[in-house]
Each structure stands twice: as structure tokens, then as C-alpha cells.
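Residue numbers for the sequence shown follow our numbering, so the first one is 504 and each next one is one higher.
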Amino acid sequence: TQTSFAIANKTGTLARLTAWERTALLVAALCHDLEHPGVSSVFLGKASADLSGAYKTTHLEKHHAHRALELMVDTNVGLLAGLSATRYWAFRNDVYRCILATDIQRHSEYIASASALVDALAEDPAAEVDTKL
Numbered sequence: 504t505q506t507s508f509a510i511a512n513k514t515g516t517l518a519r520l521t522a523w524e525r526t527a528l529l530v531a532a533l534c535h536d537l538e539h540p541g542v543s544s545v546f547l548g549k550a551s552a553d554l555s556g557a558y559k560t561t562h563l564e565k566h567h568a569h570r571a572l573e574l575m576v577d578t579n580v581g582l583l584a585g586l587s588a589t590r591y592w593a594f595r596n597d598v599y600r601c602i603l604a605t606d607i608q609r610h611s612e613y614i615a616s617a618s619a620l621v622d623a624l625a626e627d628p629a630a631e632v633d634t635k636l
């Protein structure tokens with residue numbers, strides 16, 4: 504969570520995000536390894552573990568995201584209670600996408616996107632950039 508905050512802050516991303524997007528980023532950072540079994544997605548796939556059968560790709564990340572979302576809608580937690588349908592789906596999708604972005608198998612893809620963002624901002628700090636890498 505600290506690393507996500509530090510990188511988003513250092514790159515100016517936090518300033519470009521709405522309050523809800525910042526909250527989604529931090530919730531995703533907190534939940535990105537929820538119920539982690541201590542082995543990789545690749546291991547789960549090779550071991551034909553129950554979890555790998557539930558999802559075709561990014562086994563662990565999808566599990567972490569689904570569990571996080573289940574907890575957020577739990578009536579005892581109530582994190583998403585009272586949100587409009589539009590706000591609920593936007594927040595839900597942002598959290599989900601952020602958690603899926605932690606899949607190490609897609610690391611190179613995300614590094615390339617982040618590098619392009621840093622380069623664009625270095626060239627023009629006021630540039631309009633896509634905050635949803």
C-alpha cells in the first residue's frame with residue numbers, strides 16, 4: 504500500500520485522480536493479495552488446484568479481486584452502501600482493474616505503459632494522460 508501511494512504521489516498520478524479513484528487505488532493496494540495461498544498462479548495452473556480451475560487466467564489476482572468485492576458489498580462491511588449505481592460500478596471496476604494489474608505475468612506490459620506515461624509527462628507535465636494504465 505505504501506509503495507502504491509509513493510509511486511502514485513511521486514509521478515503526480517494522485518493529483519490527476521479523483522477522490523474515488525484514489526480510494527479505489529488504495530483499497531486495491533490493501534486487497535491485492537487477499538487470501539493468497541503462498542504459491543504462484545503458474546504453480547496453481549500446473550498443480551490443477553481448485554482455484555486455477557475457477558479462472559482461466561490470472562488465477563490469484565481474479566480471486567483476490569472477487570474476494571475484495573465480496574467483502575465490500577457485505578452488509579457488515581458496507582463500504583459500497585449508499586453509492587449510486589454509476590459510482591458503484593466505476594469504483595468496483597477501478598478496484599478490480601488495479602488488482603488484476605498486479606499479475607506478474609503482465610508486468611512487462613504494465614512497465615511499458617508506465618514508462619510511456621512518465622515519458623509523456625517529462626515532455627509536457629501538463630499533458631492530458633490516461634490515468635487508467
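Cβ coordinates follow ideal geometry from the N, Cα and C atoms, glycine included.
Test: residue i CB closer than 8 Å to a CB of chain D
i	result
A527	Of the chains in the structure shown, none is chain D; there is only one protein chain.
Beta-carbon spacing of residue i, residue j below 8 Å
i	j	result
L528	S507	yes
V576	V530	no
L603	F594	no
Euclidean distance between Cα positions of residue i and residue j
i	j	result
L624	L586	33 Å
Q608	L517	25 Å
V621	P628	9 Å
E631	H566	33 Å
Y613	E626	20 Å
Y591	L533	19 Å
Limits of the unbroken alpha helix (DSSP H) element including residue i
i	result
A588	A588 to L603
N512	Q505 to K513
D622	H610 to E626
For residue i, the three-state DSSP class (helix, strand or coil)
i	result
A518	helix
V576	helix
H566	helix
E524	helix
A584	coil
The ligand COA heavy atom lying under 7 Å from the CB of residue i
i	result
K513	The ligand COA is absent from the structure shown, which contains no ligand whatsoever.
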